[in-house]
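Chemist: Got a structure for you, questions after.
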Amino acid sequence: MKAPDPDEAKLLAGLRAADESAYEVLVRTHSGRMLAVARRFMGNDDDAREAVQEAFVSAFRAMDRFDGDARLSTWLHRIVVNACLMKLRTRRRKPEESIDDLLPRFAENGHLHVSGAGWDGADRLIERGETRILVREAIEKLPDPYRTVLLLRDIEEFDTEQTAEALGLSKAAVKTRLHRARQALRQLLDEHFSRSGADDAEESR
Amino acid sequence: MNCREFVDFLMSYIEGDLESEPTRVFEEHMRLCPPCETYLDTYRDTIRLGRFACQDENGPPPAEVPEQLIQAILAARKQQTS
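Just so you know, the sequences run in chain order A and B.
According to numbering that gives the first Met the number 0, the first sequence holds residues 0 to 204 in order.
According to numbering that gives the first Met the number 0, the second sequence holds residues 0 to 81 in order.
Here you go:
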């Protein structure tokens, strides 16, 4: 367990004493990170803001039950993820978007068509300033059902069973969807990171 | 094994869910097929880059929160207590 953070202990004491200024500190300190999480899940600002507001309302109600074993940031993170999952469940479904165009293509004999000569490797890509934003934008492009599974499994690190339970899917469906989501994301990133793509861009200048 | 089957088994392979014989066949295909090897490498990189981009404990400052949203949340808190 992490050493207790004195600022957090003080904040928690304020929250437990129903000190309204402590609530304001809580909101100002944590809402930015929560909004970033919600934006990834919801894919747009309006829904993300609603999810954050709903998450805080749930957190305020549950404050008495917060036992202080986890950090407040971890606890609030879980609450905002849950708020997003609830909202996604009730959100009016967009017409089912296909990701078939982003899945690998095979020749009739089963051979794989892939463009280019691969990427520079994650270590080098991570050093590039624009990588973080390119990857986030690509994740946002995934259709809801795929993005949600990818976020839960690969980012939130839920296991297959937890993801299946959170989304009301079978474990097999979670695996299939995750694999397709990763393949689609790989394809979207390939447009930016493929070494041959970069060469083409150089040549066209 | 052809490329299509390779891609089908890829996730089970990287998650360590394949038995030893399918693993041997999978790895043999990979040795003989550079495009599939590249595909596997970039699939793995995709997972790592996703984590890097979204798990931002040490990342750049989180989203800027509109003051209006903060006020709406605090108003909701007041409503709860009243």
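Ideal Cβ placement from N, Cα and C applies to all residues, glycine included.
Nothing here was measured: the structure is a model prediction, and the numbers come from that model.
(1) Output, in chain order, the set of chain A residues within a Cβ distance shorter than 8 Å of Leu48 of chain B.
(2) Closer than 9 Å between beta carbons: that is the criterion. Which residues of the segment 8-22 of chain A meet it against chain B?
(3) Within the same chain, show all residues whose beta-carbon is closer than 6 Å to that of Ala116 of chain A, passing over the 5 residues directly before and after it, in chain order.
(4) Candidates A:Ala121, A:Ala165 and A:Lys170: which alpha carbon is nearest Leu188 of chain A's?
(5) If you count every other CB in all the chains shown that lies within 10 Å of the CB of Ser97 of chain A, and 16 or more means buried, which is it?
(6) Tell me the DSSP bridge mates of Arg179 of chain A?
(7) For Glu201 of chain A, count neighbouring C-beta atoms within 10 Å of its own C-beta (all shown protein chains included) and say buried if the count is 16 or more, exposed if not.
(8) Alpha carbon to alpha carbon, what distance is there between Pro144 of chain A and Pro20 of chain A?
(9) Pull up the DSSP beta-bridge partners for His112 of chain A, would you.
(10) For Phe51 of chain B, return the contacting residues in chain A, with the cut-off set at a CB-CB distance below 9 Å.
(11) Does DSSP classify Ile98 of chain A as helix, strand or coil?
(12) With hydrogens ignored, establish whether the beta-carbon of Arg15 of chain A is closer than 6 Å to any heavy atom of the ligand MG.
(13) Within the chosen definition, does the segment 27-36 of chain B reach the segment 103-114 of chain A through at least 3 CB pairs nearer than 8 Å?
(14) Would you call the segment 71-80 of chain A in contact with the segment 22-39 of chain A, where contact means no fewer than 3 C-beta pairs closer than 8 Å?
(15) Since Val36 of chain A is in the alpha helix (DSSP H), which residue starts that stretch and which ends it?
(16) Against chain B, with Cβ distances strictly below 7 Å, would Ala35 of chain A count as a contact?
Modeler: On the basis of the coordinates in this document:
(1) In chain order: Ala121, Leu124, Ile125, Thr130, Val134 and Leu188.
(2) Interface annotation for the segment 8-22 of chain A against chain B: Ala17, Glu19 and Tyr22, criterion Cβ-Cβ distance under 9 Å.
(3) Excluding five sequence positions before and after Ala116 of chain A, the CB atoms of its chain that fall closer than 6 Å to its own CB belong to Arg194 and Ser195, given in chain order.
(4) For Leu188 of chain A, the closest C-alpha among the options A:Ala121, A:Ala165 and A:Lys170 is that of A:Ala121.
(5) Answer is exposed; the Cβ neighbour count stays below 16.
(6) In DSSP, Arg179 of chain A forms no bridge with anything.
(7) Here Glu201 of chain A scores only 43 on pLDDT, less than 50, and its place in the model should not be relied on; the value that follows carries that caveat. The residue in question, Glu201 of chain A, is exposed, as its Cβ has fewer than 16 Cβ neighbours within 10 Å.
(8) Per the sequence shown, the amino acid found at residue 20 of chain A is Ser instead of Pro. Their Cα atoms are separated by approximately 39 Å.
(9) Partner(s): A:Arg104.
(10) Identification of chain A residues near Phe51 of chain B by a Cβ-Cβ cut-off of 9 Å yields Ala121, Leu124, Ile125, Thr130, Arg131 and Val134, ordered along the chain.
(11) In this structure, Ile98 of chain A counts as coil in the three-state DSSP scheme.
(12) The model on display carries no ligand, and the ligand MG is accordingly not part of it.
(13) In short, these stretches touch, since the Cβ pair count reaches three.
(14) The segment 71-80 of chain A makes contact with the segment 22-39 of chain A; the number of CB pairs closer than 8 Å reaches 3 or more.
(15) Residues Glu19 to Met41.
(16) Interface residue, yes.
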